[in-house]
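Here's the structure we're looking at; comments come further down.
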Amino acid sequence: MGKRQEIEISTAEAKRQMDIISQLAHHIQGKNLKFCITTFGCQMNAHDSEKIQGMLSKMGYSETDKEAEADLILYNTCCVRENAENRIYGKLGYLKKLKRANPNLLIALCGCMMQQDIVLETLKKTYRHVDMIFGTYNIYKLPELLQTRFETGKPVIDIWDSHQDIVEDLPNERKYPFKSCVNIMYGCNNFCTYCIVPYVRGRERSRNPEDILKEIHALVEDGVKEIMLLGQNVNSYGKTLDIPMTFADLIREVNKIEGLERLRFMTSHPKDLSDDLILAMSECDKLCNSLHLPFQAGSTDVLTRMNRRYTKEQYLALVSKVKATMPHIALTTDIIIGFPGETEEDFQETMDVVRQVRFASAFTFVYSKRTGTPAATMDNQIEEVVSKDRFNRLLDLVHEIQVDYMESFIGHHTDVLLEEVSKHDPNLLSGRTSESVLVHVKADPSEIGKIVDIKITGAKTHYLIGECL
Ligand code: SF4
14 MGKRQEIEIS TAEAKRQMDI ISQLAHHIQG KNLKFCITTF GCQMNAHDSE
64 KIQGMLSKMG YSETDKEAEA DLILYNTCCV RENAENRIYG KLGYLKKLKR
114 ANPNLLIALC GCMMQQDIVL ETLKKTYRHV DMIFGTYNIY KLPELLQTRF
164 ETGKPVIDIW DSHQDIVEDL PNERKYPFKS CVNIMYGCNN FCTYCIVPYV
214 RGRERSRNPE DILKEIHALV EDGVKEIMLL GQNVNSYGKT LDIPMTFADL
264 IREVNKIEGL ERLRFMTSHP KDLSDDLILA MSECDKLCNS LHLPFQAGST
314 DVLTRMNRRY TKEQYLALVS KVKATMPHIA LTTDIIIGFP GETEEDFQET
364 MDVVRQVRFA SAFTFVYSKR TGTPAATMDN QIEEVVSKDR FNRLLDLVHE
414 IQVDYMESFI GHHTDVLLEE VSKHDPNLLS GRTSESVLVH VKADPSEIGK
464 IVDIKITGAK THYLIGECL
């Protein structure tokens with residue numbers, strides 16, 4: 014299908030859904046209906062939930078965080094870890110009681126977990142009180158699915174096993190008025206052997222740069238200062254476009270947008286981080302001083318079994334290049350401990366990478382078997398007691414390095430985007446530095462949404478303490 018035809022279909026589809034939203038708004042008017050969304054998993058899911066919230070608000074629903082008060086309860090699910098799935102089944106059991114007390118309550122499920130046949134079969138057989146089930150490819154069809162549910166009174170199940178069009182211009186409800194995520198691509202082609210994402214989010218496809226830039230322009234006009242570009246592997250952005258464009262060129266274009274103050278992106282696969290991207294990062298003044306570069310394991314043997322397609326040496330060489338160009342960049346990473354077949358020597362290679370790179374922070378995980386992935390059937394699954402012991406040793410090292418990193422801020426000034434009243438102390442505001450480090454500072458709530466100059470006076474493992482100047 015040609016690009017022009019795709020754009021026409023996408024626009025027509027968005028218009029169709031918007032028309033249904035207007036019809037539903039008429040139906041819902043005056044009924045004081047409420048929705049409650051719970052989001053599991055990654056930032057892609059969080060951003061999808063913002064789109065769902067946007068559509069429901071346009072229909073006239075208001076939001077509540079109490080399930081007992083809601084007329085529509087929606088779980089946006091994740092299937093990266095099997096125990097997250099078990100939690101959903103547990104919650105559905107509890108919702109049965111709520112539904113008995115309020116027969117008008119609608120229960121909807123969407124997200125990655127729904128893309129698995131086995132889950133769908135279980136839901137159909139055992140959880141018949143669920144009203145709507147849809148997947149990762151057709152979130153934009155929520156208005157139509159809801160309308161069908163209202164009209165027929167019967168459960169609606171709509172799961173696609175591949176994408177059709179990327180539908181643009183649907184409403185979106187931002188959590189913060191001053192910062193927003195923007196999807197630049199969907200899906201992943203990498204098939205890391207522990208990961209279910211390519212099976213449930215499909216192959217890689219990029220949004221057109223014109224649509225991305227148009228969305229960011231509109232967000233900036235609406236008061237957004239900070240944008241996070243989102244994709245499973247942003248470094249391979251643009252390869253599937255009719256006129257290919259690199260991610261480096263995309264960020265150069267975004268950087269030109271007047272009024273935008275901060276730009277971030279995630280996630281970067283090390284194998285696709287090009288020299289041109291490193292150059293673009295150093296040129297673009299709005300790009301924040303941080304890079305999330307998951308290395309997952311230090312041993313090249315383990316990396317091969319993970320199908321990561323880089324060696325330990327290549328990863329370290331890449332980090333050296335990044336640091337040579339941007340010496341003060343905050344590098345963060347993801348690490349998996351206890352992948353099948355990991356020996357103590359392999360684990361020591363992971364510790365060695367952590368010592369050499371000195372990450373500003375690291376997300377550390379104990380490997381957990383994910384049914385449906387190649388790693389789940391590999392020999393030599395590691396005993397939990399061994400993984401836990403390695404995990405604790407890794408955590409000690411990561412924290413020791415992180416404390417040094419946090420202390421290096423003390424006495425310095427830094428720009429902080431003040432985001433909200435602290436969850437732990439109502440007298441403090443919390444914000445983020447360009448390095449994405451959390452800062453607590455005494456300031457008036459009227460300062461929320463501003464980027465202010467803060468002097469750092471103290472440091473803990475996970476946050477800094479500062480003073481407004
Ligand atoms: S790059 Fe690997 S870990 Fe990341 S989403 Fe793709 S398959 Fe999963």
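If you're matching positions, the sequence shown starts at 14 in the working numbering and goes up one per residue. Cβ atoms here follow ideal geometry from the backbone N, Cα and C, with glycine treated the same way. Keep in mind it's a predicted model, so treat the numbers as computed, not measured.
* Closest by C-alpha distance to Gln309, when choosing among Ala388, Thr346, Ser287 and Leu430 -> As a first step, residue 309 is located in the sequence shown; it is residue number 296 there, counting from the start. Among Ala388, Thr346, Ser287 and Leu430, the Cα nearest to that of Gln309 is on Thr346.
* For ligand 1, is there a heavy atom less than 8 Å away from the beta-carbon of Thr280? -> Mapped onto the sequence shown, residue 280 falls at position 267. Thr280: yes, Cβ under 8 Å from ligand 1.
* Asked: Sorry if obvious, but does the Cβ on Val213 come closer than 8 Å to a heavy atom of ligand 1?
  -> As a working note, residue 213 is residue 200 in the sequence shown. Checking the Cβ of Val213 against ligand 1 gives no.
* Asked: Which residue's Cα is closest to the Cα of Arg216: Asn96, Arg321, Ser249 and Leu430?
  -> Here residue 216 is taken as the residue at index 203 of the sequence shown, counted from 1. Here the closest residue by C-alpha is Ser249.
* If we count Cβ pairs, one from each stretch, closer than 8 Å, do we get three or more for the segment 152-159 versus the segment 125-135? -> no
* Cβ pair count under 8 Å reaching 3, the segment 395-415 against the segment 362-382 -> yes
* Asked: Mapping DSSP to helix, strand and coil, what is Lys28?
  -> Within the sequence shown, the letter at position 15 stands for residue 28. If DSSP states are grouped into helix, strand and coil, Lys28 belongs with the helices.
* **Nearest-angstrom Cβ-Cβ length linking Leu329 and Met364, presumed shorter than 8 Å** => Counting from one through the sequence shown, the residue named residue 329 turns up at place 316. Counting from one through the sequence shown, the residue named residue 364 turns up at place 351. Not a contact, Cβ separation roughly 14 Å.
* Asked: DSSP three-state call for Lys299: helix, strand or coil?
  -> Looking up residue 299 in the sequence shown gives position 286. Coil.
* Which residues DSSP lists as bridging Gln309, in chain order -> For the purposes of this step, residue 309 is identified with residue 296 of the sequence shown, where counting begins at 1. Ile348.
* For Ile348 versus Thr324, is the C-beta distance shorter than 9 Å? -> Here residue 348 refers to the residue found at position 335 when the sequence shown is read from its first residue. Here residue 324 refers to the residue found at position 311 when the sequence shown is read from its first residue. Not in contact: Ile348 and Thr324 (Cβ atoms no closer than 9 Å).
* Indicate whether His220 and Ile197 have their beta-carbon atoms separated by less than 9 Å. => Taking the first residue of the sequence shown as position 1, residue 220 is located at position 207. Taking the first residue of the sequence shown as position 1, residue 197 is located at position 184. Per the sequence shown, the amino acid found at residue 220 is Arg instead of His. Yes; because the gap between Cβ atoms is below 9 Å, this pair is in contact.
* Neighbour-count burial assignment, Gly15, 16 or more Cβ in a 10 Å radius -> For the purposes of this step, residue 15 is identified with residue 2 of the sequence shown, where counting begins at 1. For Gly15, the pLDDT reaches just 44, beneath the cut-off of 50, and the residue's location in the model is therefore unreliable, leaving the point undetermined.
* Going along the chain, which residues of its own chain have a beta-carbon closer than 8 Å to the beta-carbon of Gln18, five neighbours each way excluded? -> Here residue 18 corresponds to residue number 5 of the sequence shown, with the count starting at 1. Bear in mind that the predicted position of Gln18 carries a pLDDT of just 45, short of 50, making it too unreliable to give a figure here.
* Should Tyr199 be labelled buried (16 or more other beta-carbon atoms within 10 Å of its own) or exposed? -> For the purposes of this step, residue 199 is taken as residue 186 along the sequence shown, with counting starting at 1. Label assigned to Tyr199: buried.
* Asked: Alpha carbon to alpha carbon, what distance is there between Asn320 and Phe204?
  -> Indexing the sequence shown from 1 puts residue 204 at position 191. Indexing the sequence shown from 1 puts residue 320 at position 307. Using only the alpha carbons, I get a separation of about 7 Å.
* Asked: Residue range of the alpha helix (DSSP H) that Asn96 falls in?
  -> Against the sequence shown, residue 96 aligns to sequence position 83. Counting along the chain, the alpha helix (DSSP H) containing Asn96 begins and ends at Glu95 to Ala114.
* Quick one: Cα of Gln361 to Cα of Ala59, how far? -> In the sequence shown, the residue the question calls residue 361 occupies position 348. In the sequence shown, the residue the question calls residue 59 occupies position 46. Approximately 35 Å between the Cα atoms of the pair.
* Below 7 Å CB to CB, which residues in the same chain sit around Val237 once its five sequence neighbours on both sides are set aside? => Counted from its first residue, the sequence shown places residue 237 at position 224. If the five residues before and after Val237 are omitted, its C-beta is found closer than 7 Å to the C-beta atoms of Phe191, Lys192 and Ser193, all from its own chain and listed in chain order.
* Would you mind working out which of Thr446, Asp144 and Glu80 sits nearest Arg162, comparing C-alpha positions? => Taking the first residue of the sequence shown as 1, we reach residue 162 at position 149. Arg162 has its Cα closest to that of Asp144, out of Thr446, Asp144 and Glu80.
* Asked: Does the beta-carbon of Pro439 have 16 or more other beta-carbons within 10 angstroms, so that it is buried, or is it exposed?
  -> For the purposes of this step, residue 439 is taken as residue 426 along the sequence shown, with counting starting at 1. Exposed: under 16 other Cβ atoms inside 10 Å.
* Coarse secondary structure for Gly424, derived from DSSP in three states -> The residue given as residue 424 occupies position 411 in the sequence shown. Correct three-state label for Gly424: coil.
* Drop a sphere of 10 angstroms on the beta-carbon of Asp61, count the other beta-carbons inside from all chains shown, and report buried for 16 or more, exposed for fewer. => One-based indexing of the sequence shown puts residue 61 at position 48. Buried.
* May I ask you to list the residues that DSSP assigns as paired with Phe147? => As a position in the sequence shown, residue 147 is number 134, starting the count at 1. Bridge partners of Phe147: Asp171.
* Spatial distance of Ser287 from Asp314 (CA atoms) -> Within the sequence shown, numbered from 1, the residue matching residue 287 stands at position 274. Within the sequence shown, numbered from 1, the residue matching residue 314 stands at position 301. Their backbone Cα atoms lie some 24 Å apart in a straight line.
* To do: Say whether the segment 105-114 touches the segment 71-91, bearing in mind that this needs 3 or more beta-carbon pairs closer than 8 Å, one atom from each stretch.
  => yes
* Skipping 5 residues on each side, what residues in its chain have a beta carbon closer than 7 Å to that of Met258? -> As a first step, residue 258 must be located in the sequence shown, where it is residue number 245. Only Pro222 and Gly251 meet the Cβ criterion.
* Span of the beta strand (DSSP E) holding Thr470? -> Taking the sequence shown and counting its residues from 1, one reaches residue 470 at position 457. If you look at Thr470, you'll find it in the beta strand (DSSP E) that goes Ile464 to Ala472.
* For the segment 334-344 and the segment 378-385, state whether three or more C-beta atom pairs, one from each stretch, are separated by less than 8 Å. => no
* Does DSSP put Val450 in a helix, a strand or coil? -> On the sequence shown, residue 450 is found 437 positions in, with the first residue counted as 1. DSSP places Val450 in coil when its eight states are reduced to three.
* Asked: Which of the three DSSP states, helix, strand or coil, is assigned to Lys455?
  -> Within the sequence shown, the letter at position 442 stands for residue 455. In the structure shown, Lys455 sits in a strand (DSSP, three-state: E or B).
* Same chain only: Cβ atoms within 8 Å of Thr77, ignoring 5 sequence neighbours per side -> Residue 77 sits at position 64 when you count from the first residue of the sequence shown. Excluding residues within five positions, the ones whose Cβ falls inside 8 Å are Lys47, Phe48, Cys49 and Ala83.
* Taking the C-alpha atoms as reference points, what is the distance between Leu119 and Met72? -> As a working mapping, residue 119 is identified with position 106 in the sequence shown. As a working mapping, residue 72 is identified with position 59 in the sequence shown. Per the coordinates, the alpha-carbon of Leu119 lies some 15 Å from the alpha-carbon of Met72.
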